[in-house]
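> Numbered by the working numbering, the letters in the sequence shown go through residues 1 to 291 in order.
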Amino acid sequence: MKLSDRELVKFPGKLLWLASYPKSGNTWFRSFMSALFVGDLDINNLLTNGLFSIRILFDQVLDIDSRFLSEREVKNKMPVVYRYKCKNVDRLQFVKAHDAYVKNSMGEPIFPADVSYKVVYIVRNPLDIVGSLAHHQGRTIDQSIELINNPNGYLAEQKNGLNDNYNLPQLLTDWSSHVRSWLEQKEIEVILLKYEDAKENPIKVFKDVMNALEMNIPETLIEEAVRMTSFDQLKKAEETTGFKEKSAISPTFFRKGISGGWKEELTSSQIERIIDCHHNVMKELGYLKDL
Numbered sequence: 001m002k003l004s005d006r007e008l009v010k011f012p013g014k015l016l017w018l019a020s021y022p023k024s025g026n027t028w029f030r031s032f033m034s035a036l037f038v039g040d041l042d043i044n045n046l047l048t049n050g051l052f053s054i055r056i057l058f059d060q061v062l063d064i065d066s067r068f069l070s071e072r073e074v075k076n077k078m079p080v081v082y083r084y085k086c087k088n089v090d091r092l093q094f095v096k097a098h099d100a101y102v103k104n105s106m107g108e109p110i111f112p113a114d115v116s117y118k119v120v121y122i123v124r125n126p127l128d129i130v131g132s133l134a135h136h137q138g139r140t141i142d143q144s145i146e147l148i149n150n151p152n153g154y155l156a157e158q159k160n161g162l163n164d165n166y167n168l169p170q171l172l173t174d175w176s177s178h179v180r181s182w183l184e185q186k187e188i189e190v191i192l193l194k195y196e197d198a199k200e201n202p203i204k205v206f207k208d209v210m211n212a213l214e215m216n217i218p219e220t221l222i223e224e225a226v227r228m229t230s231f232d233q234l235k236k237a238e239e240t241t242g243f244k245e246k247s248a249i250s251p252t253f254f255r256k257g258i259s260g261g262w263k264e265e266l267t268s269s270q271i272e273r274i275i276d277c278h279h280n281v282m283k284e285l286g287y288l289k290d291l
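1) With the cut-off set at 8 Å, would you say LEU47 and SER34 are in Cβ contact?
2) Taking the straight line between their C-alpha atoms, what separation do you get for PRO126 and LEU155?
3) When you compare each of LYS77, VAL120, ASN45 and ASN44 to GLN60 by their alpha carbons, which one comes out closest?
4) Per DSSP, what kind of secondary structure is PRO109 in: helix, strand or coil?
5) Taking only three categories from DSSP, how would you classify ASN26?
6) Near SER230, what residues of its chain come up, given a Cβ to Cβ distance below 7 Å and the 5 sequence neighbours on each side ignored?
7) Can you find a CB in chain C that lies within less than 8 Å of the CB of ILE122?
8) By the DSSP assignment, the beta strand (DSSP E) with SER116 in it spans what residues?
9) My output table needs one value for ILE188: the three-state DSSP class, helix, strand or coil.
10) Using alpha carbons as the reference points, say which of ASN216, LEU183 and HIS278 lies closest to VAL9.
11) Looking only at its chain, what residues have a beta carbon closer than 8 Å to the beta carbon of VAL74, apart from the 5 residues adjacent to it on each side?
12) Can you name the start and end residues of the beta strand (DSSP E) that SER20 belongs to?
13) Count Cβ pairs between the stretch 16-25 and the stretch 123-138 that sit closer than 8 Å; are there 3 or more?
14) For ALA97 and PHE52, which I take to be in contact (beta-carbon distance under 8 Å), what is that distance rounded to the nearest angstrom?
15) Determine the DSSP secondary structure at GLU68, reduced to helix, strand or coil.
16) Quick check on ALA134: does DSSP put it in helix, strand or coil?
17) Within the same chain, show all residues whose beta-carbon is closer than 8 Å to that of PRO109, passing over the 5 residues directly before and after it, in chain order.
18) Given that a residue counts as buried once 16 or more other Cβ atoms are within 10 Å of its Cβ, and exposed if not, what is LYS283?
19) Of the choices ALA19, VAL38, PHE11 and LEU15, whose alpha-carbon is the least far from that of ILE222?
20) Specify the secondary structure class of TYR82 as computed by DSSP and reduced to three states.
21) What number of angstroms, rounded off, separates the C-alpha of VAL119 from the C-alpha of LEU18?
22) Identify which residue in LEU213, LYS204 and ASN211 has its Cα closest to the Cα of GLU224.
23) Assuming VAL123 contacts LEU192 under a Cβ cut-off of 8 Å, what Cβ separation, rounded to an integer in Å, is found between them?
24) Can you check which of these residues, ASN150, THR267 and ARG180, is closest to THR173 by C-alpha distance?
25) Look at the alpha carbon of GLU264 and the alpha carbon of ILE54, and state the distance between them as a whole number of angstroms.
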């Protein structure tokens, strides 16, 4: 029996959220999960079942053109969409999410707990995020700092009141609020995965996550999946086949894949702006120890 059949069918009709602020290591972990359960890696065909805020799923489930809906109307329907998505599904589904954990105008969390298994929340030092985010979005580092410090920060923000991007609008909030929104909610069990810990010891960290997910995975398979999804392997795969998740304005998706690069990238003023805004959460997560 295939590993995916044996382990994923234990949780039929349920969703595993792979949540993070952008550029925190979500794609690395999704690649690992895909390599682990498929036994091979195609970065353009990852096992994960889409992005939470992808428009096409919303439109297909509700049989409506969501471009004619306001963001408020969209968020009110998101729980309905994902409850429907889980009907008649015989195994656990992985869904990537960059949205903060928020409630819609009806007072309901946009991530429905009744069809949720757990959430793996991937967190990364915001000092490292800004350089990666700038690269990905074709912005300056100062502009990326403005985004992570913005309590009303968005991905795929709809301009001029229109709702016509490829993805639905994703409310990030600022970095600290994003982290707290997921870690402090009580509806869905959270497994915290620190990017820096995974870089230091990926086999141990990913094995701990699998154990927390109550999946019986032989360590040899975890080791092989880690090998297949090392940064060098992912970068090589992008160079060979391209990567459909790369933004059109970025030269590459996989940039450096390191921790602590901010020490060479950021000015003292930029570091101060980030820490001033996120001091408390950074301290709680151990990100001020090197300063």
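Just so it is clear, CB atoms sit at the ideal spot from N, CA and C, and this is done for glycine as well.
If we stick to the structure as given:
1) yes
2) 16 Å
3) LYS77
4) strand
5) helix
6) none
7) In the structure shown, chain C does not exist; there is a single protein chain.
8) 116-123
9) coil
10) ASN216
11) PHE58, SER66, ASN163, LEU168 and PRO169
12) 15-20
13) yes
14) 4 Å
15) In the sequence under discussion, the amino acid at residue 68 is Phe, which differs from the Glu named in the question. Helix at PHE68.
16) helix
17) PRO79, TYR101, VAL102, LYS103, GLN185 and GLU187
18) exposed
19) VAL38
20) helix
21) 6 Å
22) LYS204
23) 7 Å
24) ASN150
25) 35 Å
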